[in-house]
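Numbering (our numbering), first residue to last: -16 to 126.
As C-alpha coordinates, this is what we get:
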(Lines of atoms letter the chains of each structure in order from A and count residues from 1; the text may use other names and numbers.)
(Lines give C-alpha, C1' and ligand atoms only; values in the text may rest on other atoms or scores of the structure.)
Protein backbone atom coordinates (compact mmCIF):
# COMPACT_ATOMS: atom_id res chain seq x y z
CA UNK A 1 0.00 0.00 0.00
CA UNK A 2 1.42 3.39 -0.80
CA UNK A 3 2.45 5.63 2.02
CA UNK A 4 -0.32 8.22 1.75
CA UNK A 5 -3.11 5.64 1.63
CA UNK A 6 -1.66 3.96 4.70
CA UNK A 7 -1.52 7.24 6.60
CA UNK A 8 -5.07 8.17 5.55
CA UNK A 9 -6.54 4.80 6.56
CA UNK A 10 -4.70 4.82 9.88
CA UNK A 11 -5.88 8.37 10.64
CA UNK A 12 -9.46 7.44 9.72
CA UNK A 13 -9.35 4.37 11.96
CA UNK A 14 -8.07 6.33 14.95
CA UNK A 15 -10.61 9.08 14.26
CA UNK A 16 -13.37 6.45 14.43
CA UNK A 17 -11.99 5.14 17.72
CA UNK A 18 -11.80 8.63 19.25
CA UNK A 19 -15.32 9.48 18.07
CA UNK A 20 -16.58 6.16 19.45
CA UNK A 21 -15.11 6.93 22.87
CA UNK A 22 -16.50 10.48 22.85
CA UNK A 23 -19.99 9.33 21.76
CA UNK A 24 -19.97 6.15 23.86
CA UNK A 25 -20.64 4.02 20.76
CA UNK A 26 -19.36 0.42 21.02
CA UNK A 27 -20.16 -0.48 17.36
CA UNK A 28 -18.12 2.46 16.11
CA UNK A 29 -15.29 1.51 18.47
CA UNK A 30 -15.30 -2.08 17.18
CA UNK A 31 -15.26 -0.88 13.59
CA UNK A 32 -12.28 1.40 14.23
CA UNK A 33 -10.45 -1.34 16.12
CA UNK A 34 -11.10 -3.79 13.27
CA UNK A 35 -9.63 -1.27 10.80
CA UNK A 36 -6.48 -0.88 12.92
CA UNK A 37 -6.14 -4.67 13.24
CA UNK A 38 -6.54 -5.09 9.46
CA UNK A 39 -3.89 -2.46 8.78
CA UNK A 40 -1.48 -4.09 11.24
CA UNK A 41 -2.07 -7.54 9.72
CA UNK A 42 -1.44 -6.19 6.21
CA UNK A 43 1.77 -4.49 7.36
CA UNK A 44 2.95 -7.71 9.02
CA UNK A 45 2.21 -9.68 5.86
CA UNK A 46 4.21 -7.21 3.74
CA UNK A 47 7.10 -7.41 6.21
CA UNK A 48 7.15 -11.22 6.23
CA UNK A 49 6.72 -11.48 2.44
CA UNK A 50 10.33 -10.45 1.81
CA UNK A 51 11.93 -12.23 4.77
CA UNK A 52 13.22 -15.81 5.03
CA UNK A 53 13.81 -16.27 1.31
CA UNK A 54 16.68 -18.11 -0.35
CA UNK A 55 17.94 -17.43 -3.88
CA UNK A 56 20.03 -19.22 -6.45
CA UNK A 57 21.10 -17.43 -9.64
CA UNK A 58 22.08 -18.98 -12.97
CA UNK A 59 23.92 -16.69 -15.36
CA UNK A 60 26.11 -17.44 -18.37
CA UNK A 61 29.84 -17.07 -17.61
CA UNK A 62 30.47 -14.90 -20.68
CA UNK A 63 28.32 -13.03 -23.19
CA UNK A 64 28.90 -10.82 -26.21
CA UNK A 65 27.91 -7.16 -26.37
CA UNK A 66 24.49 -6.80 -27.96
CA UNK A 67 23.49 -10.44 -27.42
CA UNK A 68 20.54 -11.14 -25.12
CA UNK A 69 21.43 -12.45 -21.66
CA UNK A 70 18.97 -14.65 -19.78
CA UNK A 71 19.35 -14.73 -16.00
CA UNK A 72 17.39 -17.38 -14.12
CA UNK A 73 16.73 -17.24 -10.40
CA UNK A 74 15.28 -19.91 -8.15
CA UNK A 75 13.45 -18.63 -5.08
CA UNK A 76 12.70 -20.73 -1.99
CA UNK A 77 10.76 -19.87 1.11
CA UNK A 78 12.49 -20.96 4.30
CA UNK A 79 9.29 -20.74 6.35
CA UNK A 80 5.87 -22.33 5.93
CA UNK A 81 3.97 -19.08 5.47
CA UNK A 82 1.69 -17.95 2.68
CA UNK A 83 3.23 -15.13 0.70
CA UNK A 84 1.81 -12.64 -1.75
CA UNK A 85 3.46 -12.16 -5.11
CA UNK A 86 7.02 -10.87 -4.87
CA UNK A 87 9.18 -9.42 -7.63
CA UNK A 88 12.84 -10.40 -7.50
CA UNK A 89 15.36 -8.07 -9.16
CA UNK A 90 19.11 -8.29 -9.30
CA UNK A 91 21.07 -5.30 -8.10
CA UNK A 92 22.94 -4.90 -11.38
CA UNK A 93 25.86 -2.44 -11.25
CA UNK A 94 25.24 1.08 -12.54
CA UNK A 95 28.27 0.78 -14.81
CA UNK A 96 26.58 -2.07 -16.70
CA UNK A 97 24.71 -0.20 -19.41
CA UNK A 98 21.91 -2.39 -20.67
CA UNK A 99 18.63 -2.54 -22.47
CA UNK A 100 15.98 -4.45 -20.56
CA UNK A 101 14.22 -6.94 -22.82
CA UNK A 102 12.03 -8.92 -20.42
CA UNK A 103 11.49 -7.72 -16.84
CA UNK A 104 11.21 -10.25 -14.01
CA UNK A 105 7.74 -11.60 -13.38
CA UNK A 106 6.18 -11.69 -9.91
CA UNK A 107 6.33 -15.08 -8.21
CA UNK A 108 4.83 -16.58 -5.06
CA UNK A 109 7.56 -18.61 -3.32
CA UNK A 110 6.48 -21.62 -1.31
CA UNK A 111 8.18 -23.87 1.19
CA UNK A 112 7.59 -27.15 -0.60
CA UNK A 113 8.46 -26.14 -4.14
CA UNK A 114 11.12 -23.72 -5.41
CA UNK A 115 9.89 -21.18 -7.95
CA UNK A 116 11.93 -20.30 -11.03
CA UNK A 117 11.83 -16.81 -12.51
CA UNK A 118 13.90 -15.19 -15.21
CA UNK A 119 14.64 -11.88 -16.81
CA UNK A 120 16.47 -10.85 -19.93
CA UNK A 121 18.61 -7.88 -20.90
CA UNK A 122 21.04 -6.86 -23.62
CA UNK A 123 24.42 -5.50 -22.45
CA UNK A 124 25.51 -2.36 -24.29
CA UNK A 125 29.05 -2.06 -22.90
CA UNK A 126 31.97 -4.47 -22.62
CA UNK A 127 33.57 -5.27 -19.29
CA UNK A 128 33.63 -7.58 -16.30
CA UNK A 129 30.74 -7.19 -13.94
CA UNK A 130 29.94 -8.79 -10.61
CA UNK A 131 26.82 -8.44 -8.58
CA UNK A 132 25.38 -10.16 -5.58
CA UNK A 133 22.63 -7.85 -4.35
CA UNK A 134 19.04 -9.05 -4.77
CA UNK A 135 16.11 -6.68 -4.35
CA UNK A 136 12.76 -8.22 -3.40
CA UNK A 137 9.61 -6.14 -3.67
CA UNK A 138 6.21 -7.16 -2.32
CA UNK A 139 2.98 -5.46 -1.43
CA UNK A 140 0.58 -6.10 1.37
CA UNK A 141 -2.92 -7.50 0.98
CA UNK A 142 -4.35 -4.02 0.46
CA UNK A 143 -2.06 -3.26 -2.47
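A virtual CB, placed ideally from N, CA and C, is assigned to each residue, including glycine.
Pull up the distance between the alpha-carbon of residue 56 and that of residue 101, whole angstroms please.
Within the chain shown, numbered from 1, the residue matching residue 56 stands at position 73. Within the chain shown, numbered from 1, the residue matching residue 101 stands at position 118. If you take the alpha carbons of residue 56 and residue 101, they lie about 6 angstroms apart.
Would you kindly report the start and end of the unbroken beta strand (DSSP E) that includes residue 87?
Stepping through the chain shown from its first residue, residue 87 is reached at position 104. Note, residue 87: premise wrong, no beta strand (DSSP E); not H, not E.
By Cβ distance, which residues of its chain are closer than 7 angstroms to residue 66, with the 5 residues on each side in sequence left out?
To locate residue 66, count along the chain shown from 1; it is residue 83. Once the five neighbours on either side are set aside, the close Cβ partners of residue 66 are 32, 60, 91 and 92.
DSSP three-state assignment for residue 9, whether helix, strand or coil:
The residue given as residue 9 occupies position 26 in the chain shown. DSSP places residue 9 in helix when its eight states are reduced to three.
Does the count of Cβ pairs from the region 104 to 124 and the region 21 to 38 closer than 8 angstroms reach three?
yes
Among 68, 112 and 22, nearest to residue 98 - alpha-carbon criterion
For the purposes of this step, residue 98 is taken as residue 115 along the chain shown, with counting starting at 1. Answer by Cα proximity: 68.
Taking just the CA atoms, how far does residue 15 sit from residue 110?
Here residue 110 corresponds to residue number 127 of the chain shown, with the count starting at 1. Here residue 15 corresponds to residue number 32 of the chain shown, with the count starting at 1. Looking at the two C-alpha atoms, the distance is approximately 57 angstroms.
Can the beta-carbon of residue 38 be found closer than 7 angstroms to that of residue 58?
For the purposes of this step, residue 38 is taken as residue 55 along the chain shown, with counting starting at 1. For the purposes of this step, residue 58 is taken as residue 75 along the chain shown, with counting starting at 1. In contact: residue 38 and residue 58 (Cβ atoms closer than 7 angstroms).
Helix, strand or coil at residue 60 [DSSP, three-state]:
For the purposes of this step, residue 60 is taken as residue 77 along the chain shown, with counting starting at 1. DSSP places residue 60 in strand when its eight states are reduced to three.
Go to residue 101, then tell me how far its beta strand (DSSP E) extends in each direction, as first and last residue.
For the purposes of this step, residue 101 is taken as residue 118 along the chain shown, with counting starting at 1. That run of the beta strand (DSSP E) goes 98 to 106.
As a quick exercise: from 22, 13 and 113, pick the residue whose alpha carbon is nearest that of residue 170.
There is simply no residue 170 to check, as the chain begins at -16 and stops at 126 in what is shown.
In the DSSP assignment, find the unbroken beta strand (DSSP E) run with residue 121 in it and report its ends.
Stepping through the chain shown from its first residue, residue 121 is reached at position 138. First-last of the beta strand (DSSP E) with residue 121: 117 to 121.
Does the Cβ-Cβ distance between residue 103 and residue 53 come in under 7 angstroms?
To locate residue 103, count along the chain shown from 1; it is residue 120. To locate residue 53, count along the chain shown from 1; it is residue 70. Cβ atoms of residue 103 and residue 53: closer than 7 angstroms.
Under 7 angstroms between C-beta atoms of residue 108 and residue 74
Taking the chain shown and counting its residues from 1, one reaches residue 108 at position 125. Taking the chain shown and counting its residues from 1, one reaches residue 74 at position 91. No.
Any non-hydrogen atom of the ligand COA within 6 angstroms of residue 18 CB:
Among the ligands in the structure shown, none appear at all, so the ligand COA cannot be discussed.
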